[in-house]
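**Q** Each protein sequence line maps, in turn, to chains A and B. Residues in the first sequence are numbered consecutively from 4, following our numbering. Residues in the second sequence are numbered consecutively from 4, following our numbering. Here a beta-carbon is modelled for each residue, glycine too, at the ideal position from N, C-alpha and C. This is the structure I want to talk about, given as structure tokens.
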Amino acid sequence: MSRGGARQPYDGVVAAVPVTVPYERYSHQSAHWWVGRAMKALAQASGLKPDEIDGFCVSSFSLLPDTAVGLTQHLGLCPRWLDHIPMGGASGVVALRRATRAVQAGDAEVVACVAGDTNQISSFKNMLTSFSRFSQDASFPYGSGGPNANFALMTKAFMNRYGTSREAFGQVCVDQRDSALAIPFAMMKKPLTLEQYLNARIIADPLRLFDCVMPCAGAEGFLVMREETARALKLPAVQVLSTIERHNAFSADPIQLRGGWEMDRDELWSQAGVSPDAVDLLQTYDDYPVICAMQMEDLGFCEKGGVDEFIRGHTMTCDGSFPHNTSGGQLSTGQAGAAGGYIGLVEALRQLTGQALGKQVPDARVAVVSGFGMINFDRGVCTAAAVLAGPGKAAGVEAAAA
Amino acid sequence: MTAPLARPPRKNPQRRSRVATIPPRPRSRVALAFSARAARGEFQLQVCADCGAVAYPPRDACARCWSVDLRWQPMEPAGELLALSVLDSSTNVYFRQRMPWRVGTVRLAADVSVLAHVHSDVAEGDKVRMIARTDKAGQGVLMALPVEETPHMDDDPQLRELTCSPRHRRVLLTDIRSSVAQALIPMLKESGAAIIFAGLAEPWKQNDAVTVAVADECVQLAELNVTDTGSVRECAASIGHKVDILINTASHVRPGGALDQPLVEARREMETNYFGLLRLLQYFAPVMRSRGADGANSATCWTNLLSVYARSSWPAYATSSASQAAALSLAQAARAEFVGSGVKVMNVFHGPLEDPWYEPVSPPLVTPAKLASVTVKGLCEGLEEAVAGDIATDVVNRWREDPGVLEFELQHEREVD
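Written as structure tokens, this is what we have:
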């Protein structure tokens, strides 16, 4: 499908103030509590008062029966721009996309983008049983494996088709674990070896324990504002070079071996004006390593089917040749519900502004953040990606000094 | 190859019976139409009447042309297993108790992908034969089977969860005097039934057919009169905990219209066909319900043999039809009350039987052997509704097409001279 005119750049608008509310394995608190803490952290880090935030965008699975609307009253917000994004792992990039345009068009001055979820003992099961109508009718009755079962089948099909090895998937997990060891609240606290990965207990063949994320509670957020607002507030900020979003792509494929990125990646790179080699760090959505692999291929970092060789040819730690999921990602830090759709974006904002919570990627200038969300029936429906550019290491150091 | 199911050891009465758990039960309203077909063993999916696209999962609007005219149609039950996973983890207790569990993505011949349970004799890349059945939650599911029959394939543990196979199970025939009950005995034996309890009212009144039937080594006589509450209670107290499959063969039928049937006959029909079923349900169903997950020979099916005129009255047999309609209504309620226990309720609808009380009816009558074989096949396949014979099939088809028209038609179908 061809578009009419060229897309407008995201000039004059920035993303700033990455915040993370430290994750906890279980929480008896509500999603509202976690979102509230993220808002507090955004206000503290930016120096903005609640009435200075006139745009609000939220993603959460455990907010029911509330939506973004209920949260305005709950948190005393009076926004003139409000959004609720139910796109799971694609929520972060899509929130950034929406908020950037709102600020650029003058519909809002400062938009707070937040994702947060609680994890009560029965939250995860409750979320799965009522996840979507198709999943209720045609997926959950078949073993109730939840996403483990869907991704086991996708991983199996991917391995059968492209010959991708378990070792390649393992390296993604092992390298992410290295990054996570520097994150104090990460669910996984011990180093992971490839042997441990390969020999872990089976969850849903071919997936083993370390292919799967640990559900937890937590929240992530950031602010979107005009460039001069960020400068006035002395906030180190990141520019949005380009974004893409696609839903229900390649629906005729018998089983998911690719995602919507493949449809839109040419536009992603051409609008950004950079090529994949210019990217200093990549944050993929990582609920399972097969999805990381799919994003590396479909975004154009390597050929389709070539991801095994690509992964084996790189080190993916913060100091490696291809820094990837540099905060440990969900696979090591934990999956805090919808915040899992923000973790990569928030981490990219930190890395590009020299504010890494854990290990800093040296000279991080350009980052790609990719999202993937919502196994509505048998495959992920939502895909999105963004190319971001930071002010450079120097600016981050300046800001930290100030 | 499937390992043959060994005969389960005698149960230790001090051990706790496994609590019945079920797979997820909630479905959208449209998906219930899939379940209703699966209960009859029919593999049907929605097809768009405007553009011909096959819709799955069940939809309210066509994903190709947005038509809302989606019609359930039989599908070619063929496909290919694209990917297989053996689950060792589940959020649902029913599956956790039965790990590992095989699931897969199947590309159907109709060019849609489905998730399905996968038989142990199917490997990734294989062509498969699809079946639709109700699971222990009473909801429709798909299972991928080998295209060709494999040895002991019915003993596959996941398939056995969907069927009510008599193999190694104990069956109660509530009235052995019925010719259908007598025809059922060899067929149930052939299907591997361990014991057949033969219900017999007033056992001092023997006849040749009964003597022959109960002479079989598999058959144990059980004194049972469904018209007598005390008899049903005592029989249930004695063997109720051993009944895995109950087939209600007791029936009382007399020709006659509403205007001329003697009340005494109409009452006897109700006593046997309606109150008899109610008594059996009240004394046998609770213990069956508690044994729905009791190992390889769990309680599994409550079977009613019902006249097809339970669906719509045949005025020539007005009071009989009424008692059968009452029984069907009760069976529907019983099915709802069995939900969650893992015990299915199967209704086998039949037309006029080759039986003295249908003597004046013109053919094609259904033979007791035919009714018995449809019943046993239904158990083996795990159906909740089966239809025996040409008349019953014809009536059921017409009822599904338009029950209002069928009522008009039956007014004139007085085949009795």
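1. DSSP on B/C51, reduced to helix/strand/coil?
2. Could you tell me which uninterrupted alpha helix (DSSP H) segments, each at least 4 residues in length, are contained entirely in the region 196–234 of chain A, listed from first to last along the chain?
3. Grouping DSSP H, G and I as helix and E and B as strand, with all else coil, what is B/H155?
4. Taking B/D53 as the reference, which of B/V71, B/D405 and B/E362 has the closest Cα?
5. Look up A/I124 in the DSSP assignment and say whether it is helix, strand or coil.
6. Is the CB of A/R261 under 7 angstroms away from at least one CB in chain B?
7. Looking at the unbroken beta strand (DSSP E) that takes in B/A186, where does it start and where does it end?
8. Take B/S176 as the anchor and find which of B/G202, B/R67 and B/Y59 has the nearest alpha-carbon.
9. Give the straight-line distance between the Cα atoms of A/M299 and A/G148, rounded to the nearest whole angstrom.
10. Can you name the residues that DSSP bridges to A/T246?
11. In the region 80–95 of chain B, which residues sit with their C-beta less than 8 angstroms from some C-beta in chain D, listed in chain order?
12. Whole angstroms are fine: how far does the CA of B/V390 sit from the CA of B/Y312?
13. For A/G73, which of A/A98, A/G39 and A/N202 has the nearest alpha-carbon?
14. For chain B, check one thing: does any of its Cβ atoms lie closer than 7 angstroms to the Cβ of A/Y145?
15. Helix, strand or coil: which one does DSSP assign to B/E387?
16. Could you round the C-beta distance between B/L281 and B/L249 to whole angstroms and report it? I think they count as a contact, below 8 angstroms.
17. Return no unless some Cβ of chain A is closer than 7 angstroms to the Cβ of B/W69.
18. Pick out whichever of B/R314, B/S323, B/E388 and B/A319 has its Cα sitting closest to the Cα of B/N350.
19. I believe B/R18 touches B/V50 by the beta-carbon criterion, under 8 angstroms. Please report the beta-carbon distance rounded to the nearest angstrom.
20. Opposite B/C304 in the DSSP bridges: which residues?
21. If you draw a straight line from the alpha carbon of A/N251 to that of A/V114, how long is it in whole angstroms?
22. Just checking, does the region 254–261 of chain A make contact with the region 379–387 of chain A on the three C-beta pairs under 8 angstroms criterion?
23. What first and last residue would you give for the beta strand (DSSP E) that runs through A/I88?
24. Spatial neighbours of B/E105 within its chain, please: C-beta separation below 6 angstroms, excluding the five flanking residues on both sides.
25. Give the C-beta separation of B/D158 and B/P265 to the nearest angstrom, bearing in mind that I take them to be a contact with Cβ-Cβ under 8 angstroms.
26. Going straight from the alpha carbon of A/V16 to that of A/L360, what length do you get?
27. Could you check what DSSP says for A/G399 in three-state terms: helix, strand or coil?
28. Per DSSP, what are the beta-bridge partners of B/H120 in this structure?
29. Could you work out which residues of chain B lie near A/A152, taking near to mean beta carbons separated by less than 7 angstroms?
30. Can you find a CB in chain A that lies within less than 7 angstroms of the CB of B/F352?
31. Sorted by chain position, which residues of the same chain lie with C-beta nearer than 8 angstroms to B/Q327's C-beta, five sequence neighbours on each side aside?
32. Span of the alpha helix (DSSP H) holding B/Q331?
33. Which residues of chain B have a Cβ atom closer than 8 angstroms to the Cβ of A/A207, listed in chain order?
34. Would you say A/G166 and A/A339 are within 7 angstroms of each other, going by their C-beta atoms?
35. So if DSSP puts A/L285 in a beta bridge, which residue, or which two residues, is it bridged to?
36. Could you check the C-alpha separation between A/A98 and A/R368 for me, to the nearest Å?
**A** In short:
1. Along the second sequence, read from residue 1 onward, the residue named residue 51 of chain B stands at position 48. Strand.
2. 197–202
3. In the second sequence, residue 155 of chain B corresponds to position 152, counting from 1. In the structure shown, B/H155 sits in coil (DSSP, three-state: anything other than H, G, I, E or B).
4. The sequence position of residue 53 of chain B within the second sequence is 50, counting from 1. Measuring from the Cα of B/D53, the nearest candidate turns out to be B/V71.
5. Looking up residue 124 of chain A in the first sequence gives position 121. If DSSP states are grouped into helix, strand and coil, A/I124 belongs with coil.
6. Working through the first sequence from its first residue, we reach residue 261 of chain A at position 258. So, not an interface residue.
7. One-based indexing of the second sequence puts residue 186 of chain B at position 183. Segment S182 to E193 is the alpha helix (DSSP H) holding B/A186; no beta strand (DSSP E) there.
8. Within the second sequence, numbered from 1, the residue matching residue 176 of chain B stands at position 173. Note on residue identity: the sequence assigns Leu, not Ser, to residue 176 of chain B. It is B/G202 whose Cα lies nearest to the Cα of B/L176.
9. Taking the first residue of the first sequence as 1, we reach residue 299 of chain A at position 296. Taking the first residue of the first sequence as 1, we reach residue 148 of chain A at position 145. Each residue's alpha carbon lies about 26 angstroms from the other.
10. Residue mapping note: residue 246 of chain A aligns to position 243 of the first sequence, counting from 1. Note: A/T246 sits in a beta bridge opposite A/A389.
11. In the displayed structure, chain D is absent; the protein chains listed are A and B.
12. Position 309 of the second sequence, counted from the start, is the residue given in the question as residue 312 of chain B. Position 387 of the second sequence, counted from the start, is the residue given in the question as residue 390 of chain B. B/Y312 and B/V390: Cα-Cα distance of roughly 12 angstroms.
13. Reading the first sequence from its first residue, position 70 is the one you call residue 73 of chain A. Of the candidates A/A98, A/G39 and A/N202, the one whose C-alpha sits nearest the C-alpha of A/G73 is A/G39.
14. Here residue 145 of chain A refers to the residue found at position 142 of the first sequence. Yes, its Cβ sits closer than 7 angstroms to a Cβ of chain B.
15. The residue labelled residue 387 of chain B in the question sits at position 384 within the second sequence. Coil.
16. Here the question's residue 281 of chain B lines up with position 278 in the second sequence. Here the question's residue 249 of chain B lines up with position 246 in the second sequence. Contact flag wrong, Cβ pair sits at about 14 angstroms.
17. Within the second sequence, residue 69 of chain B is the residue found at index 66, counting from 1. Not an interface residue.
18. Position 347 of the second sequence holds residue 350 of chain B. The residue with the shortest Cα to Cα distance from B/N350 is B/E388.
19. Translated into the one-based positions of the second sequence, residue 18 of chain B becomes position 15. Translated into the one-based positions of the second sequence, residue 50 of chain B becomes position 47. Actually they do not touch by this definition, with Cβ atoms about 50 angstroms apart.
20. Counted from its first residue, the second sequence places residue 304 of chain B at position 301. B/I248 and B/K347.
21. Reading the first sequence from its first residue, position 248 is the one you call residue 251 of chain A. Reading the first sequence from its first residue, position 111 is the one you call residue 114 of chain A. Going from the Cα of A/N251 to the Cα of A/V114 covers about 28 angstroms.
22. yes
23. Position 85 of the first sequence, counted from the first residue, corresponds to residue 88 of chain A. Where A/I88 is concerned, there is no enclosing beta strand (DSSP E), given that its DSSP letter is neither H nor E.
24. By 1-based counting over the second sequence, the position of residue 105 of chain B is 102. It is worth fixing the name first, because residue 105 of chain B is Arg in this sequence and not Glu. So the qualifying residues of the chain are V89 and V121.
25. Working through the second sequence from its first residue, we reach residue 158 of chain B at position 155. Working through the second sequence from its first residue, we reach residue 265 of chain B at position 262. The Cβ separation is near 51 angstroms, so there is no contact.
26. The count along the first sequence starts at 1 and reaches residue 16 of chain A at position 13. The count along the first sequence starts at 1 and reaches residue 360 of chain A at position 357. Near 24 angstroms, if we compare the C-alpha coordinates of A/L360 and A/V16.
27. The residue given as residue 399 of chain A occupies position 396 in the first sequence. Residue placement at A/G399 is flagged as unreliable, the pLDDT there being 40, under the threshold of 50; the coordinate-derived value follows with that caveat. If DSSP states are grouped into helix, strand and coil, A/G399 belongs with the helices.
28. Taking the first residue of the second sequence as position 1, residue 120 of chain B is located at position 117. B/H120 is bridged to B/V106 and B/M146.
29. The sequence position of residue 152 of chain A within the first sequence is 149, counting from 1. Those are S88, L90 and V106, listed as they occur along chain B.
30. Working through the second sequence from its first residue, we reach residue 352 of chain B at position 349. No, because no Cβ of chain A sits closer than 7 angstroms to the Cβ of B/F352.
31. The count along the second sequence starts at 1 and reaches residue 327 of chain B at position 324. Closer than 8 angstroms at Cβ, skipping near neighbours: N276, L309, S310, Y312 and A313.
32. On the second sequence, residue 331 of chain B is found 328 positions in, with the first residue counted as 1. The question names Gln, but residue 331 of chain B in the sequence shown is Leu. Its alpha helix (DSSP H) spans residues A321 to F341.
33. Within the first sequence, residue 207 of chain A is the residue found at index 204, counting from 1. Per Cβ cutoff of 8 angstroms: S88, V89, L90, D91 and S92.
34. Position 163 of the first sequence, counted from the first residue, corresponds to residue 166 of chain A. Position 336 of the first sequence, counted from the first residue, corresponds to residue 339 of chain A. It is not a contact, given that the beta carbons lie outside the stated cut-off.
35. Indexing the first sequence from 1 puts residue 285 of chain A at position 282. Paired residues: A/H327 and A/V371.
36. Sequence index remark: in the first sequence, residue 98 of chain A carries index 95 (1-based). Sequence index remark: in the first sequence, residue 368 of chain A carries index 365 (1-based). About 22 angstroms.
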